Amino acid sequence: MSRVETLSAGILRLACIDSEAPPLFNLVDDAGNRRGYEPEAAELVASVLGLRIEWAYLDWDDMLPAVRDHRVDAVWCGQGIIPERQEVVNFTDPYAVFDETVLVRKGDPARSPEDLAGYKVAAIEGSANMRLAVTFEGAEPVAFTGADVFGDMLAALRNGEVDAMVDDDVVTVPLGEDPAYDVAFTHPTGNRWGIGVAKDNPFLLAELNTALATVVADGRLERIWTKWMPHLPYPLAAEVAV
Numbered sequence: 000m001s002r003v004e005t006l007s008a009g010i011l012r013l014a015c016i017d018s019e020a021p022p023l024f025n026l027v028d029d030a031g032n033r034r035g036y037e038p039e040a041a042e043l044v045a046s047v048l049g050l051r052i053e054w055a056y057l058d059w060d061d062m063l064p065a066v067r068d069h070r071v072d073a074v075w076c077g078q079g080i081i082p083e084r085q086e087v088v089n090f091t092d093p094y095a096v097f098d099e100t101v102l103v104r105k106g107d108p109a110r111s112p113e114d115l116a117g118y119k120v121a122a123i124e125g126s127a128n129m130r131l132a133v134t135f136e137g138a139e140p141v142a143f144t145g146a147d148v149f150g151d152m153l154a155a156l157r158n159g160e161v162d163a164m165v166d167d168d169v170v171t172v173p174l175g176e177d178p179a180y181d182v183a184f185t186h187p188t189g190n191r192w193g194i195g196v197a198k199d200n201p202f203l204l205a206e207l208n209t210a211l212a213t214v215v216a217d218g219r220l221e222r223i224w225t226k227w228m229p230h231l232p233y234p235l236a237a238e239v240a241v
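Counting from 0, one number per residue, gives the positions in the sequence shown under numbering that gives the first Met the number 0.
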């Protein structure tokens, strides 16, 4: 039995969305399993703590309130550590660091922020991506939320509802190989992602940080990173120390 106190003994209940955003995560399969960097990293950290993961599938904008209101133990799902989110939850040390990339339709000539003047630019509401989108002079940011926010943004870009979208390089750069899209440019934001925990649960935060530091120090997290994202340099060796 794990010594870590959670909502249900022995179980770490984590908020996430059910969306197709490889290599971060895929839609849950018929057996109820999730695949990708985030699920595998979460399983690794949970195993160090002697916990079993239970995923809670929520709309994007319900994940942080679910943590705050103790409907879940934490959120492990694309949460860039930004001030707006830090007002709601506390974050662990990062388990990932990404830059942000602008995606356009195939053949669009935009290759810089200046080229986006007059464009409708999709980004997730309240995200680090939106914080970048609002800096594009002359562009019109369009906020997205919902259960499949990434898929919804891609569909809106593909069908012309928006002219561009901003998301982290891990999911957008591979789409440059898709015949429907082009990568316009990548902005070096160094967006740090963490596990969000309720502000009144410092014990769980500390336990997650200790487990995360362990798997960084022993190289296990790096092996998972390289398995799922060999095209991106591993950024965490200097980020977390035991």
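For every residue, glycine included, the Cβ atom is placed at its ideal position computed from N, Cα and C. Note that the coordinates shown come from a computational prediction; the quantities given were computed from them, not determined experimentally.
Which first and last residues belong to the alpha helix (DSSP H) in which Lys-226 is found? Locating residue 226 in the sequence shown gives position 227, counting from the first residue. Its alpha helix (DSSP H) spans residues 219-227.
N-terminal and C-terminal residue of the alpha helix (DSSP H) that Glu-53 is part of: In the sequence shown, the residue the question calls residue 53 occupies position 54. Premise fails: Glu-53 lies in the beta strand (DSSP E), 51-56, not in any alpha helix (DSSP H).
Within the chosen definition, does the stretch 84-91 reach the stretch 195-205 through at least 3 CB pairs nearer than 8 Å? yes
Strand pairing of Phe-90, partner residues [DSSP]: By 1-based counting over the sequence shown, the position of residue 90 is 91. DSSP output for Phe-90 lists Gly-195 as bridge partner(s).
Can you give me the Cβ contacts of Ser-18 inside the same chain, cut-off strictly under 8 Å, excluding the 5 residues immediately before and after it? For the purposes of this step, residue 18 is identified with residue 19 of the sequence shown, where counting begins at 1. Contacts found: Phe-24, Leu-26, Ala-146, Asp-147, Val-148, Phe-149 and Gly-150.
Is Met-62 near Val-74, with beta carbons less than 7 Å apart? For the purposes of this step, residue 62 is identified with residue 63 of the sequence shown, where counting begins at 1. For the purposes of this step, residue 74 is identified with residue 75 of the sequence shown, where counting begins at 1. Cβ distance < 7 Å, so Met-62 and Val-74 count as in contact.
Figure out for me which residue from Arg-34, Glu-42 and Ala-132 has the closest Cα to the Cα of His-186. Residue numbering aside, residue 186 sits at position 187 when the sequence shown is read from its first letter. Considering only alpha carbons, the answer is Ala-132.
Look at the Cβ atom of Ala-183, then the Cβ atom of Val-103, and state whether they are nearer than 7 Å. On the sequence shown, residue 183 is found 184 positions in, with the first residue counted as 1. On the sequence shown, residue 103 is found 104 positions in, with the first residue counted as 1. Yes. Within cutoff.
On the three-state DSSP scale, how would you describe Pro-180? Counting from one through the sequence shown, the residue named residue 180 turns up at place 181. Strictly speaking, residue 180 in this sequence is Tyr, with Pro absent from that position. Strand at Tyr-180.
Can you list, in chain order, the residues of its chain with a C-beta nearer than 6 Å to that of Phe-97? Leave out the 5 residues immediately preceding and following it. Taking the first residue of the sequence shown as 1, we reach residue 97 at position 98. So the list reads Asp-167, Asp-168, Val-169 and Asn-190, once near-sequence residues are dropped.
Whole-angstrom distance between Asp-58 and Leu-220, CA atom to CA atom: Working through the sequence shown from its first residue, we reach residue 220 at position 221. Working through the sequence shown from its first residue, we reach residue 58 at position 59. Going from the Cα of Leu-220 to the Cα of Asp-58 covers about 27 Å.
Just verifying my parser: in three-state terms, what is the DSSP assignment at Phe-24? As a first step, residue 24 is located in the sequence shown; it is residue number 25 there, counting from the start. It is a strand residue.
Terminal residues of the continuous beta strand (DSSP E) containing Pro-38? Here the question's residue 38 lines up with position 39 in the sequence shown. No beta strand (DSSP E) contains Pro-38, which is instead part of the alpha helix (DSSP H) from 36-47.
Check whether the Cβ atoms of Ala-138 and Leu-115 sit closer than 7 Å, and answer yes or no. Taking the first residue of the sequence shown as 1, we reach residue 138 at position 139. Taking the first residue of the sequence shown as 1, we reach residue 115 at position 116. Yes. Within cutoff.
If Phe-135 sits next to Pro-108, beta carbons under 8 Å apart, how far is it from one beta carbon to the other, in whole angstroms? Within the sequence shown, numbered from 1, the residue matching residue 135 stands at position 136. Within the sequence shown, numbered from 1, the residue matching residue 108 stands at position 109. Wrong, their Cβ atoms sit about 16 Å apart, outside the cutoff.
Member of Ala-8, Ile-16, Gly-35 and Gly-31 whose CA lies at the smallest distance from the CA of Pro-229: Numbered from 1 along the sequence shown, position 230 holds the residue referred to as residue 229. Among Ala-8, Ile-16, Gly-35 and Gly-31, the Cα nearest to that of Pro-229 belongs to Gly-35.
Glu-99 versus Gly-79 - alpha carbon distance: Taking the sequence shown and counting its residues from 1, one reaches residue 99 at position 100. Taking the sequence shown and counting its residues from 1, one reaches residue 79 at position 80. Computed Cα separation, rounded: 11 Å.
So within the stretch 58-124, which uninterrupted beta strand (DSSP E) runs reach at least 3 residues, ignoring any that extend past its ends? 88-90, 95-104 and 119-123
Check this for me: beta carbons of Arg-33 and Val-71, under 7 Å apart or not? By one-based count along the sequence shown, residue 33 stands at place 34. By one-based count along the sequence shown, residue 71 stands at place 72. No, these two residues do not count as a Cβ contact at 7 Å.
Based on DSSP bridge pairs, tell me the residues matched to Thr-185. Taking the first residue of the sequence shown as position 1, residue 185 is located at position 186. According to DSSP, Thr-185 bridges with Thr-100.
Would you kindly work out how many angstroms separate the C-alpha atoms of Pro-140 and Asn-128, rounded to a whole number? Position 141 of the sequence shown, counted from the start, is the residue given in the question as residue 140. Position 129 of the sequence shown, counted from the start, is the residue given in the question as residue 128. Going from the Cα of Pro-140 to the Cα of Asn-128 covers about 10 Å.
Closest to Asp-92 by CA distance: which of Ile-10, Trp-227 and Val-215 is it? Residue numbering aside, residue 92 sits at position 93 when the sequence shown is read from its first letter. The candidate whose alpha carbon is nearest that of Asp-92 is Val-215.
Could you check whether Asp-60 and Thr-188 sit closer than 7 Å to each other, using their CB atoms as the reference points? The residue given as residue 188 occupies position 189 in the sequence shown. The residue given as residue 60 occupies position 61 in the sequence shown. Not closer than 7 Å, so no.
Pairwise C-alpha distance: Gly-49 and Ile-123: Residue mapping note: residue 123 aligns to position 124 of the sequence shown, counting from 1. Residue mapping note: residue 49 aligns to position 50 of the sequence shown, counting from 1. Answer to the nearest angstrom: the Cα atoms are 34 Å apart.
How is the beta strand (DSSP E) around Glu-206 delimited, first residue to last? One-based indexing of the sequence shown puts residue 206 at position 207. Per DSSP, Glu-206 belongs to no beta strand (DSSP E); it is in the alpha helix (DSSP H), 201-216.
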